[in-house]
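Visitor:
Residue numbers (my numbering), protein chains in the order written: chain A, 1 to 297; chain B, 1 to 128.
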């Protein structure tokens with residue numbers, strides 16, 4: 001079977017230029033990758049294929065001799081997945097080698113049709129397998145990307161903001177599921193400890209629906225905060241959600257709920273012995289500008 | 001034998017749990033607290049668990065029990081400084097410790113207990 005390795009290594013330069021020419025007519029994507037880089041990649045893949053065929057033969061693609069090829073192809077396809085190639089582009093990259101390779105094989109073995117067929121069959125199987133490796137690596141990279149984005153989304157979507165000394169707000173956007181509740185709970189409790197806050201306002205304006213499960217998650221968070229010595233106020237309850245809560249018979253008796261974040265903030269200020277007042281001078285000079293002033297009681 | 005110290009601060013008892021609780025220790029603490037309350041006539045019990053990092057249902061119930069026993073003996077219990085992980089664990093175990101008051105820090109807990117003592121005496125005065 002080392003004939004194949006010999007054929008490839010003897011005609012490496014020719015194969016490479018033909019391969020690149022075939023790709024240029026179909027999937028070269030000159031917008032995403034430079035000609036020189038492509039040339040280099042093709043050259044190193046051909047070298048690795050020769051090594052692989054020499055040590056393990058074209059059939060045993062999982063053998064140790066093919067490790068180099070597999071790693072090279074995986075790294076090329078994952079870098080292409082990040083660059084924005086389509087799966088077809090990535091698979092065709094390897095499959096484009098077929099035509100030039102077959103041409104070379106035919107030139108060498110034109111005299112014996114049986115051997116020619118055998119050779120073509122084994123090399124087509126080999127290239128198909130290599131193409132499958134690229135597709136697999138491509139998908140794996142894409143999946144990894146999606147996972148990472150999900151994680152980032154999860155973390156980004158639960159910011160804890162400090163409204164005042166000892167008052168935290170936690171605006172929740174999107175549906176609360178178990179995984180998110182865990183993140184919400186942890187980040188809220190961490191923030192309570194870090195800022196030594198007595199009051200935490202959970203704003204659910206951005207939560208589209210509240211069902212029994214979401215309510216249960218909210219209650220868990222509130223109980224955990226209470227255990228640590230912080231008091232929770234739920235705000236942003238929309239009329240629709242208030243109706244749903246009552247219809248579902250969810251018991252929020254022990255929880256303070258408010259319609260708006262501002263109401264909840266006012267309550268938290270009041271409970272911590274503070275009030276927001278207009279400063280007389282400022283109000284007289286510019287009655288329309290921001291009117292926050294602090295009066296400690 | 002290893003023991004959790006129960007300190008007296010005026011009318012309050014201060015208990016700082018700084019070791020991992022095991023069941024024997026918890027039972028010993030229950031005995032100590034109840035005895036000290038009746039001996040010293042304390043009106044408040046402050047349990048600082050800020051160094052407690054591992055908690056199970058037994059310890060959770062022990063906290064609730066101490067609060068219950070103290071109430072029977074006329075003292076109010078405040079648990080302070082619970083770690084987030086401990087709070088989450090207790091909630092997941094279904095123990096919300098209703099009836100136990102909580103505060104963020106020892107300072108806040110004292111304020112709570114002293115505040116109660118003051119309002120309590122005011123109430124008595126108005127009643128009288």
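Every residue gets a Cβ at the ideal spot worked out from N, C-alpha and C, and that includes glycine.
Beta-carbon separation of residue 86(B) and residue 106(B) under 8 angstroms?
Guide: No, they are not a contact pair.
Visitor: Please classify residue 33(B) as buried or exposed, where buried requires at least 16 other C-beta atoms within 10 Å of its C-beta.
Guide: The residue in question, residue 33(B), is buried, as its Cβ has 16 or more Cβ neighbours within 10 Å.
Visitor: Taking residue 230(A) and residue 91(B) to be in contact with their CB atoms under 8 angstroms, please state how far apart those CB atoms are, rounded to whole angstroms.
Guide: At roughly 13 angstroms, the Cβ-Cβ gap does not stay under 8 angstroms, so residue 230(A) and residue 91(B) are not in contact.
Visitor: Quick one: give me the first and last residue of the alpha helix (DSSP H) that residue 185(A) is part of.
Guide: Where residue 185(A) is concerned, the enclosing alpha helix (DSSP H) stretches over 178-195.
Visitor: In chain order, which beta strand (DSSP E) runs of at least 3 residues are fully inside the stretch 24-76 of chain B?
Guide: Runs of the beta strand (DSSP E) inside the stretch 24-76 of chain B: 44-48.
Visitor: Quick one: is residue 115(B) near chain A, going by C-beta distance under 8 angstroms?
Guide: Not closer than 8 angstroms to any Cβ of chain A, the Cβ of residue 115(B) fails to qualify, so no.
Visitor: Between residue 99(B) and residue 189(A), what straight-line distance do the alpha-carbon atoms span, to the nearest angstrom?
Guide: Cα to Cα, residue 99(B) sits roughly 21 angstroms from residue 189(A).
Visitor: Measure from the alpha carbon of residue 169(A) to the alpha carbon of each residue in 265(A), 220(A) and 241(A), then state which is nearest.
Guide: Ranking 265(A), 220(A) and 241(A) by Cα distance to residue 169(A) puts 265(A) first.
Visitor: Less than 8 angstroms between CB atoms is the rule here; does residue 16(B) satisfy it with respect to chain A?
Guide: By this cut-off, residue 16(B) is not an interface position.
Visitor: Spatial neighbours of residue 42(A) within its chain, please: CB distance less than 7 angstroms, with the 5 preceding and 5 following residues excluded, ordered by chain position.
Guide: If we look at residue 42(A) and ignore the five residues flanking it on each side, its Cβ neighbours are 16, 19 and 20.
Visitor: By Cβ distance below 6 angstroms, which residues in the same chain neighbour residue 50(A) in space, the five residues on each side in sequence not counted?
Guide: Closer than 6 angstroms at Cβ, skipping near neighbours: 5, 8 and 9.
Visitor: Flag this pair as yes or no: are the beta carbons of residue 74(B) and residue 102(B) separated by less than 8 angstroms?
Guide: No, these two residues do not count as a Cβ contact at 8 angstroms.
Visitor: I'd like to know if residue 196(A) contacts chain B, where contact means its C-beta is closer than 8 angstroms to some C-beta of that chain.
Guide: By this cut-off, residue 196(A) is an interface position.
Visitor: I want to verify the contact list: residues of chain B whose CB lies under 7 angstroms from the CB of residue 220(A), in sequence order.
Guide: Under the 7 angstroms cutoff, chain B gives 91.
Visitor: Identify the contact partners of residue 193(A) in chain B, using a Cβ-Cβ distance below 7 angstroms as the criterion.
Guide: Under the 7 angstroms cutoff, chain B gives 84.
Visitor: Between 24(B), 64(B) and 95(B), which lies nearest to residue 45(B) when the distance is taken from Cα to Cα?
Guide: It is 64(B).
Visitor: With 8 angstroms set as the bound, which would you pick, yes or no: does the beta-carbon of residue 7(B) sit closer than that to a beta-carbon of chain A?
Guide: No, its Cβ sits nowhere closer than 8 angstroms to a Cβ of chain A.
Visitor: Smallest Cα separation from residue 274(A): which of 172(A), 217(A) and 164(A)?
Guide: Among 172(A), 217(A) and 164(A), the Cα nearest to that of residue 274(A) belongs to 164(A).
Visitor: DSSP three-state label for residue 7(B), please.
Guide: DSSP places residue 7(B) in strand when its eight states are reduced to three.
Visitor: Beta-carbon within less than 7 angstroms of residue 67(B)'s beta-carbon, same chain only, minus the 5 sequence neighbours each way: which residues are those?
Guide: So the list reads 77, 99 and 100, once near-sequence residues are dropped.
Visitor: Using a C-beta to C-beta distance shorter than 9 angstroms, which residues of chain B count as neighbours of residue 16(A)?
Guide: Correct list: empty, because the minimum Cβ distance to chain B is about 59 angstroms.
Visitor: What did DSSP end up calling residue 44(A) once you bin it into helix, strand or coil?
Guide: It is helical.
Visitor: Start and end of the beta strand (DSSP E) containing residue 202(A)?
Guide: Note, residue 202(A): beta strand (DSSP E), 199-206.
Visitor: For residue 86(A), does the three-state DSSP call read helix, strand or coil?
Guide: Coil.
Visitor: Examine the Cβ distances between the stretch 45-60 of chain B and the stretch 5-19 of chain B and report whether three or more of them are shorter than 8 angstroms.
Guide: Judged by Cβ distances under 8 angstroms, the stretch 45-60 of chain B makes contact with the stretch 5-19 of chain B, as three or more pairs qualify.
Visitor: For residue 105(B), return the contacting residues in chain A, with the cut-off set at a CB-CB distance below 7 angstroms.
Guide: By Cβ distance, chain A contributes 196.
Visitor: Of all the CB atoms in chain A, is at least one closer than 8 angstroms to the CB of residue 97(B)?
Guide: With 8 angstroms as the cut-off, residue 97(B) counts as an interface residue toward chain A.
Visitor: Is residue 124(A) close to chain B? Criterion is C-beta to C-beta, closer than 8 angstroms.
Guide: Chain B contact via Cβ: absent.
Visitor: For residue 142(A), go through chain B and note every residue whose CB falls closer than 9 angstroms to its CB, in chain order.
Guide: Residues of chain B passing the Cβ test: none, with the nearest at roughly 34 angstroms.
Visitor: Can you tell me whether residue 70(A) is helix, strand or coil according to DSSP?
Guide: Helix, per DSSP.
Visitor: Which stretch, first to last residue, makes up the alpha helix (DSSP H) that contains residue 266(A)?
Guide: Here the alpha helix (DSSP H) through residue 266(A) covers 261-271.
Visitor: Is the beta carbon of residue 141(A) sitting closer than 8 angstroms to the one on residue 82(A)?
Guide: Yes. Within cutoff.
Visitor: Got a sec: is the Cβ-Cβ distance from residue 228(A) to anything in chain B below 8 angstroms?
Guide: So yes, residue 228(A) belongs to the interface.
Visitor: DSSP beta-bridge partners for residue 79(B)?
Guide: Partner(s): 47(B) and 102(B).
Visitor: Quick check: what's the CA-CA separation for residue 127(B) versus residue 8(B)?
Guide: Unreliable positioning characterises residue 127(B) in this predicted model, as indicated by a pLDDT of 41, which lies under 50. The coordinate reading is nonetheless provided below. Cα-Cα distance, rounded: 30 angstroms.
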